[in-house]
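The opening residue of the first sequence carries number 148 in the numbering used here; numbering runs sequentially from there.
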Amino acid sequence: MTTGEQVVTINGRQVRLTNLQKVLWPEAGYTKAALIKYLLAVYPYMGPHLCQRPLVVTRWPDGICGKSFYQKNAPYHTPDWVETFTWESGEPERTIDYILCNNLETLVWLGNLACLEYHPWLSSIQQVNNPDFLIFDLDPSRPGSSAAVGEIALTLREILWKLGLEGYPKTSGATGMHIYVPLEAVYPYETVRKTAAFIASLVVAALPRIATTNRSVRQREGKVYIDYLQNARGQTICAPYSPRPLPGAPVSVPLTWEEVVNFTPRPYNIETAILRVNGVGDLFAPVLENRQSLKPVLSYLARKKVF
DNA sequence: GGGGAGA
DNA sequence: TCTCCCCAACGCGGG
DNA sequence: CCCGCG
Ligand SMILES: [Mn+2]
Ligand SMILES: [Mn+2]
């Protein structure tokens, strides 16, 4: 990929790649060719987490220092082999044709459009009202809170364990972490969100000096924000393996719990993650398999009349 | 990044 | 032919 | 109902 333009054929579909030499991450010098090389390499691991989920992307055609925009609707002249999902929301009535990244050629096509961030819905189009995971988004309000993030994640793991649930951690690729709790796709978003709120409150009770669920930035006092409100339709949590538009081209990477003990926020980027992922495989594979029930925690909450 | 509208 | 504009507006919850 | 937040 040294020339500026070429056509690749993937699964019999032709994808035109343009401006391959364009630098998207200036200080690291990573080009669009590097981005597409990464997407090709990571697709076997990332693809299953995007499949059949309405997708929102952020695009940075002039690189991470240039202008960017969100894209929800499939753009005009989207190739006919790109699958889409039409979502009609009411009040005001609006229709969005979401892209479904169901194959490699779609991901490469998106890469050519300079899509850096990939935000799939928590629910798939098969059960669009029922998320497949409950998530916790740990956001440090100050840089240098990495040790606190790791400690909170490990405490959260223990609390989940006591509730009969298993969580799976990944870096966000920015400063914090995401913990996914895979579920049976039978609970409405509101139930999942309220359950997440309850669990987050248990974590804050255990670690009140470093964790908070306060949504007011000023009242967080430098603590780590446990954001459970991302458990809503259309929210934008970046997918596992998604690159980030930040210096050095970091990516969101699944971690083992042992790695969380010494959490560092950006251990891998679009270049180094390839070796990592080919070595350990998809640590997030269980997130698509281990569909857990909220029944124990929901009956507990019903007894305590928390709801 | 690329299509469409308007000059 | 050139330049400019558009690409998302939403869910949540507290005051 | 608006506002702050992500
Ligand atoms: Mn976050
Ligand atoms: Mn957040």
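Beta carbons are placed, not taken as given, at the ideal position from N, Cα and C, and that holds for glycine.
Please read all numbers here as calculations on a predicted model, not as lab measurements.
### Query
Got a sec, what are the start and stop residues for the alpha helix (DSSP H) lysine 317 sits in?
Element bounds for lysine 317: not the alpha helix (DSSP H) but the beta strand (DSSP E), 315-318.
### Query
For the candidate residues Glu252, Leu251, Glu235, whose alpha-carbon lies nearest to that of aspartate 244?
Glu235
### Query
What's the gap between the Cα of tyrosine 388 and the Cα of asparagine 249?
16 Å
### Candidates Leu260, Val154, Gly297, Leu441: closest to leucine 330 by CA position
Leu441
### Query
Which value, in whole angstroms, describes the spacing of the CA atoms of proline 394 and tryptophan 172?
7 Å
### Task
Could you tell me whether the stretch 398-417 touches the stretch 368-380, where touching means 3 or more Cβ pairs closer than 8 Å?
no
### Query
Looking at C-beta atoms only, is the number of pairs between the stretch 346-356 and the stretch 150-160 that lie closer than 8 Å three or more?
no
### Query
Taking Cβ positions, are proline 290 and leucine 202 nearer each other than 8 Å?
no
### Message
Helix, strand or coil, according to DSSP, for alanine 386 in the structure here?
### Response
coil
### Message
Suppose the cutoff is 7 Å on Cβ atoms and the five residues either side in sequence are ignored; what does the same chain contact list for arginine 188 look like?
### Response
Arginine is not the amino acid found at residue 188; the sequence shown has alanine there. Ile421, listed in sequence order.
#### Entry: Backbone secondary structure at proline 433 - three-state DSSP
helix
### Query
Does the distance from the C-beta atom of valine 364 to that of alanine 358 stay below 8 Å?
no
### Task
Can you say whether tryptophan 207 is buried or exposed, counting buried as having 16 or more other CB atoms within 10 angstroms of its CB?
buried
#### Entry: Simplified DSSP state of leucine 301, which is helix, strand or coil
helix
### Query
Can you name the start and end residues of the beta strand (DSSP E) that leucine 202 belongs to?
201-206
### Query
So leucine 251 is in the alpha helix (DSSP H); what residue range does that whole segment cover?
251-259
### Query
Under the criterion of a Cβ to heavy atom distance below 7 Å, does serine 319 qualify as lining ligand 3?
This structure lacks ligand 3; its bound ligands are ligand 1 and ligand 2.
### Message
My output table needs one value for glutamine 425: the three-state DSSP class, helix, strand or coil.
### Response
The question names glutamine, yet the displayed sequence has asparagine at residue 425. Helix.
### Message
I need the straight-line Cα distance from arginine 304 to proline 278, nearest angstrom please.
### Response
20 Å
### Query
How many Å lie between leucine 164 and lysine 179 at the Cα?
9 Å
### Query
What does arginine 163 pair with, by DSSP beta-bridge criteria?
Val154
### Query
Is glycine 381 near ligand 1, with its Cβ less than 7 Å from a heavy atom?
no
### Neighbourhood of methionine 193 by C-beta distance below 7 Å, restricted to the same chain and skipping five residues each side
Ala386, Pro387, Tyr388
### Query
Roughly how many angstroms lie between the CA atoms of tryptophan 256 and glutamate 368, to the nearest whole one?
43 Å
### Query
Hey, glutamine 218 and valine 204 are a contact pair by Cβ (cut 8 Å); roughly how many whole angstroms apart?
5 Å
### Task
Tell me where the alpha helix (DSSP H) around phenylalanine 345 begins and ends.
336-353
### Query
Are there 16 or more other CB atoms within 10 angstroms of the CB of valine 427, so buried, or fewer, so exposed?
exposed
### Query
Straight-line CA distance for arginine 413 to isoleucine 246?
28 Å
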